[in-house]
Ligand SMILES: [Ca+2]
Ligand SMILES: [Ca+2]
Ligand SMILES: [Ca+2]
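Numbering (the numbering used here), first residue to last: 556 to 1173.
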């Protein structure tokens, strides 16, 4: 009304630009044109002129005149540098800042990850504080308090960079960082679990997909971390969220298109977590709607990937982070809650530009027949191959925790491995004994250091790509979220002790760290532990013997989960071992063995493991 009156009087306000996403792009990129989302005011009727190697087309402005979408075609030989696109309306003109970026050199970047690696998961706010100057930044004053479990604690990207020597020494080769997107600058008033005030310290509530949260650093700091990690032989996997935004994303009050979200803050479906409906060939769209379109915990705005503008935005955003920082892989949050045809498009766009990049998706369920449905490499009944390389091995996580923590039958672990036929490629599954969403291993009833050592021994010697959640290598305790996200001891200057150093650790913690280091050394020395096929040799209620065969000398692993010593007899031929071959336990707990009569007769002490391989060169 007022704007109409102003226009009638010839007083319409001039256009203003407040944000451009992406802020830059690369000449010669497989995505060309790039589609810019421009935020501002008074954008109705805008025209955009580009020039000097750029061409603007397909302009679209929302009814409120606050968002403008425009294709920018970049000429192949356009020179890198800062440009300004000129936007004009009847009332005036404004510049759209845009940068033509110089591509990062490819060697050593965008490497992907595989079973060759050992992943280490870090929640940046809870690992180490490398820069106390950003603990309580002016942009979001008052969200920092280490005494409050759901506030920011001050950990940051610099803190991770400072501890790369620790990680290299531990023998991990890849880092998964929980999301570093800029999250809300205010307390989250939408929820108050257990009566506590909440911040989005965990990173899963983005309010800006093109910025790093000010508590953690900035895009340059992420680039620096990726660089330093690569120099230390460690890859970096970014956590991305394409399903939803945080409750305070500016889009919620002012969506760029009418169909940007599934519904609105006032009117939407609540998420029902019925992921089985996605894999069920008998489920009509109506049965899947609340799973695909519902808002997580009824507050997280659900992005509509069926809106081509949203799909385009998300694909470009994923490519931008990779291209800006040189990272090697993506961990994709809440995978099944997004249409599979979007994943097909998203993974294809990523691989077109970065063929070695790898993606691991979160499909949280214990049923391998359901989890396997979401792995790429096969077309399913819906005609879609998602292209998603790997999934977290939740189906193995549950029996593994029950066996090694609670002392329940180890047989269940072997039987779960026996379901690998369901997966297009089980070797790519990311195996783990806990993550930032599950209670800590040491929190389970019956958990012990011996049990955790067994679990880690299994993870680091069995098929799959093992992942260790930061703190599990020292047996850090902790219950459900957020107790499972305690600060890593020694990550803060005023901590009473540092578990990053041998002197600062307890004997039990040192025993665990020593085990992880030894196993990672064995993985490095014995290629079969990384790329060999997994052969189950013998299975009993509380014992499991398997071999890794191929890619180098065979390795035989025996796990004894019983409280009594084990004598286990296993056939040597499936392990690729000849009569008379001698093996010794590289964990140095069990006696050497020799193939006699085609059998291996192994004796393993109570609640321990043996990793048999040919005698180590002395
Ligand atoms: Ca800090
Ligand atoms: Ca923030
Ligand atoms: Ca969704």
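Where a beta carbon is used, it is the ideal one built from N, C-alpha and C, also for glycine.
- Taking C-alpha positions only, residue 975 is separated from residue 721 by approximately 34 Å.
- Within the segment 1073 to 1137, the runs of beta strand (DSSP E) that reach at least 3 residues and sit entirely inside it are, in chain order, 1088 to 1095, 1098 to 1104, 1110 to 1115, 1121 to 1126.
- Distances between the C-beta of residue 769 and the heavy atoms of ligand 2 include at least one below 7 Å.
- The closest CA to that of residue 943, considering only 969, 958, 903, 955, is found on 903.
- Counting along the chain, the unbroken alpha helix (DSSP H) around residue 1006 starts and ends at 1004 to 1016.
- For the pair residue 703 and residue 1045, the Cα-to-Cα distance works out to about 18 Å.
- Under the 10 Å beta carbon count, residue 1141 is surrounded by 16 or more other beta carbons and is classified as buried.
- The segment 705 to 743 is shown to contain whole alpha helix (DSSP H) runs of 4 or more residues at 712 to 717, 719 to 725, in chain order.
- Distance between residue 734 and residue 886, taken at the CA atoms: about 9 Å.
- Those residues that have a beta carbon less than 5 Å away from any non-hydrogen atom of ligand 1 are, in order along the chain, 684, 686, 689, 690, 709, 711.
- Taking residue 785 as the centre and dropping the five residues before and after it, the same chain places the C-beta of 663 closer than 6 Å to its C-beta, in chain order.
- Contact fails between the segment 922 to 931 and the segment 993 to 1006, because fewer than three Cβ pairs, one in each stretch, are under 8 Å apart.
- If you look at residue 626, you'll find it in the beta strand (DSSP E) that goes 622 to 629.
- If you check the C-beta of residue 694 against ligand 2, you find a heavy atom less than 7 Å away.
- Taking the Cβ of residue 738 as the reference point, at least one heavy atom of ligand 2 falls within a distance shorter than 7 Å.
- In this structure residue 696 is exposed. Its beta-carbon is surrounded by fewer than 16 other beta-carbon atoms within 10 angstroms.
- Each residue's CA atom was taken as its position, placing residue 819 and residue 888 some 22 Å apart.
- The beta carbon of residue 798 sits closer than 7 Å to at least one heavy atom of ligand 3.
- Following the DSSP letters along the chain, one finds residue 778 inside the alpha helix (DSSP H) bounded by residues 774 to 786.
- Here the C-alpha atom of residue 790 lies approximately 29 Å from the C-alpha atom of residue 968.
- When 614, 970, 769 are compared, the shortest CA-CA separation from residue 679 is found for 769.
- For residue 647, the uninterrupted beta strand (DSSP E) run begins and ends at 647 to 655, by DSSP.
- Contact between the segment 1074 to 1090 and the segment 647 to 665 is absent: fewer than three C-beta pairs spanning the two stretches fall below 8 Å.
- In this structure, the C-beta of residue 893 approaches ligand 3 to less than 7 Å from one of its heavy atoms.
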